[in-house]
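All you need for our numbering is the position in the sequence shown, starting with 1, plus 15.
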Amino acid sequence: MRYIISGHGVAVTPAFRQMVERKVGKLPRILPKIIEAKVMLSAEKYRRTAHITLVAKRRIFSSEETAGDLAAAVDLAVDAL
């Protein structure tokens, strides 16, 4: 699976990138045949948003969640998928 992790108003550190890859990397057990995972992280004044899009062979799964910090937003978005 290929990961595309980007941030808007957020610096994506290697440690945070690794954490996102670890959490999203568990999804192929539930949703097989995932080709690509796109993760867009954004930060506004008091909101942190994680938008995750999974591209499979014939389907696209998407989730967007907002929380107080990015780690919680990623957790919520992964749980929603």
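Think of the CB as a built atom: it goes at the ideal place given N, C-alpha and C, for glycine as much as any other residue.
Where alanine 26 falls: helix, strand or coil (DSSP): coil
Starting from leucine 69, follow the beta strand (DSSP E) in both directions and report where the run begins and ends. 63–71
Buried or exposed (CB count within 10 angstroms, at least 16 for buried), leucine 46: exposed
Could you check whether glutamate 51 and isoleucine 70 sit closer than 7 Å to each other, using their CB atoms as the reference points? First, the residue type needs correcting, since residue 70 is valine and not isoleucine in the sequence shown. In contact: valine 70 and glutamate 51 (Cβ atoms closer than 7 Å).
Output needed for lysine 53: all residues of its chain with C-beta closer than 6 Å, excluding positions within five of it in sequence on either side, in chain order. Ile19, Thr68
Alpha-carbon spacing of methionine 16 relative to lysine 38, whole angstroms: 13 Å
Can you tell me whether alanine 92 is buried or exposed, with buried defined as 16 or more other CB within 10 angstroms of its CB? buried
Cβ neighbour criterion (16 or more within 10 Å) applied to alanine 95: exposed
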